[in-house]
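Note that UniProt numbering gives residue 129 to position 129 of the sequence shown, counting from 1, and the numbers run on in steps of one.
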Amino acid sequence: MSDISAAQGSSTRAPGATHSPGTVDFGRRLLRIDRAGLAGLMSVRTVLVCCALALAIVVAGLVSMTIGSYGLSAWDTLRALVDAGFDPDARQVVYEWRFPRVLFAVLCGAALALSGGIFQSLTRNPLGSPDIIGFGVGAQFGVTLTMLLLNLNTYPFKAVGALVGGLATALLVYLLAMKRTVSSFRLIIVGIGVSAGLGSLTSWILISVSVEQAMMAATWGAGSIASLGFDQLVPAAIVFGAVVLFAVPLRRSLPVLEMGDDAATALGIHPGRTRLAAMVLGVALVALVTAAAGPISFIALAAPQISQRLVRANTPMSMLPVMLTGAALVVVSDAVGQLLAVPVGVITVSVGGVYLAWLLATQYARRA
1 MSDISAAQGS STRAPGATHS PGTVDFGRRL LRIDRAGLAG LMSVRTVLVC
51 CALALAIVVA GLVSMTIGSY GLSAWDTLRA LVDAGFDPDA RQVVYEWRFP
101 RVLFAVLCGA ALALSGGIFQ SLTRNPLGSP DIIGFGVGAQ FGVTLTMLLL
151 NLNTYPFKAV GALVGGLATA LLVYLLAMKR TVSSFRLIIV GIGVSAGLGS
201 LTSWILISVS VEQAMMAATW GAGSIASLGF DQLVPAAIVF GAVVLFAVPL
251 RRSLPVLEMG DDAATALGIH PGRTRLAAMV LGVALVALVT AAAGPISFIA
301 LAAPQISQRL VRANTPMSML PVMLTGAALV VVSDAVGQLL AVPVGVITVS
351 VGGVYLAWLL ATQYARRA
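In structure tokens form, the structure reads like this:
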């Protein structure tokens, strides 16, 4: 039996009051889904936002695949994707080179945005993203050590280096910020300090190696997905899928944890285990992207806040809108980067810096 209905909320009724069969009034328009093995409520606005973001990703990805020295129209690009008998040269350019790049942009954006949503919910602060509190820099430092000191430049080794570097940085930041309990303000301040220290160590390593090694690390450090293909995409997608599956329970537990440890414990949430799981999964998502594409900054900071405002959610941990927002930002940024002949990381840093300044200004204005 399938029952999907919409309910228009009214301010005159109490939230949660049932006013007709199959319809629930929560003060906003909702979709009620009731199928075998699947039941729940979903905001109509969330559905529309997700559809709009998915459309933006498809359009921006298609435009991105038309950019390059081998000029193709949008129609030829579509034919090269779906028609195996189309021009072999065009099909090789589109399907083997440009299409994996778009898919990687989607994966990187979704992973970074979800990681940012996890840490912003965990710290209860819009500045609590891995870009600001140093976990991204820790992953970058781990990859730098793996590439330059251990001479291991393949994706699996860089992924392990990024994960170890990110987790070690997270542990260091948490230990330094710990004072009976972990304050989000102390966590952010300590994270900024640790990030600056690791950045200085990375710079010292770069000036201590050969010019060729330094150029290789600097190119990777700019954050680019230009040279990535299906060989890197397949293992990255498998790891990303596994991490997302483990992160699904956090969609319910982290918003409860935002109410405080006492309230979370009373509702059956174990704060310590939840924080540990969230930290490991968030760092794993950052490490996944950093190992493949280098540091793509500010997506983890901006995407959860943009998504939260689009769907008008009470938490940055609305998983699907957050991931779609991050994917859209990276796909659009990569298309702009191709037009300007710069890596995607340069675009995200430029736009993200402006966003960070605006966010700091609004946060200060609220406290003033």
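Virtual Cβ for every residue (Gly too), placed ideally from N, Cα, C.
- Rounded to whole angstroms, the Cβ separation of Leu329 and Ile67 is 18 Å, and the two are not in contact under 8 Å.
- In the DSSP assignment, the residues bridged to Ser43 are Leu30.
- Considering only Ala303, Gly345, Ile132 and Val248, the residue with the shortest C-alpha distance to Leu187 is Ile132.
- Here the region 161–181 lies against the region 194–209, with 3 or more beta-carbon pairs under 8 Å apart.
- In this structure, Val289 lies near Ala111, with their beta-carbon atoms less than 9 Å apart.
- Annotation: Pro130 is outside any alpha helix (DSSP H) and is labelled neither H nor E by DSSP.
- Three or more beta-carbon pairs drawn from the region 294–305 and the region 336–355 are found closer than 8 Å, and the two stretches are therefore classed as touching.
- Take the alpha-carbon of Gly128 and the one of Met215: they are about 31 Å apart.
- Short of 7 Å from the beta carbon of Ile205, and not among the five residues preceding or following it, lie these beta carbons of its own chain, in chain order: Thr144 and Leu148.
- Between Phe141 and Thr202 the beta-carbon gap is near 5 Å, inside 8 Å, which marks them as a contact.
- The region 314–326 makes contact with the region 245–263: 3 or more CB pairs, one atom from each, lie closer than 8 Å.
- Contact between Ala162 and Ala291 holds, with the beta-carbon distance rounding to 4 Å and staying under 8 Å.
- The shortest CA-to-CA distance from Asp89 to any of Val106, Gly71, Phe104 and Ala105 is the one to Gly71.
- With contacts defined as CB atoms closer than 9 Å, Ala60 and Ala335 qualify as a contacting pair.
- When rounded, the separation of the alpha-carbon atoms in Ala284 and Ala361 is 31 Å.
- Annotation: the continuous alpha helix (DSSP H) that includes Val289 extends over Pro271 to Ala293.
- Val106 is a Cβ neighbour of Ile57, given a cutoff of 9 Å.
- Secondary structure at Met178: strand, using DSSP grouped into helix, strand and coil.
- The DSSP-derived three-state label of Arg312 is coil.
- Counting along the chain, Arg186 sits inside the alpha helix (DSSP H) bounded by residues Ser184 to Ser208.
- Going by DSSP, Leu148 is part of no alpha helix (DSSP H) at all; its letter is neither H nor E.
- At a Cβ-Cβ threshold of 9 Å, Ala139 and Gly165 count as neighbours.
- In the DSSP annotation of this structure, the continuous segment of the alpha helix (DSSP H) that includes Ala214 starts and ends at Val211 to Gly221.
- DSSP, reduced to helix, strand and coil, places Glu258 outside both helices and strands of the structure shown, so it counts as coil.
- The C-alpha of Ala264 lies about 40 Å from the C-alpha of Ser224.
- DSSP places Pro88 in the uninterrupted alpha helix (DSSP H) bounded by Pro88 to Arg91.
- For the pair Gly294 and Pro343, the CB atoms are nearer than the 9 Å cut-off.
- Comparing alpha carbon positions, the residue from Gln232, Pro304 and Leu78 closest to Gly326 is Pro304.
- If you check the CB distance, Trp75 and Gly229 do not come in under 9 Å.
- Contact between Ser64 and Val286 does not hold, since their C-beta atoms are separated by about 24 Å, which reaches or exceeds 8 Å.
- Only residues of its own chain outside the window of five on either side were considered, and among them Ala80 have a CB closer than 6 Å to the CB of Arg91, listed in chain order.
- When secondary structure is reduced to three states using DSSP, Gly117 falls in the helix class.
- Its chain contains Ser253, Val256 and Leu257 as the residues whose beta carbon lies nearer than 8 Å to that of Ile269, once the 5 sequence neighbours on both sides are disregarded; these appear in chain order.
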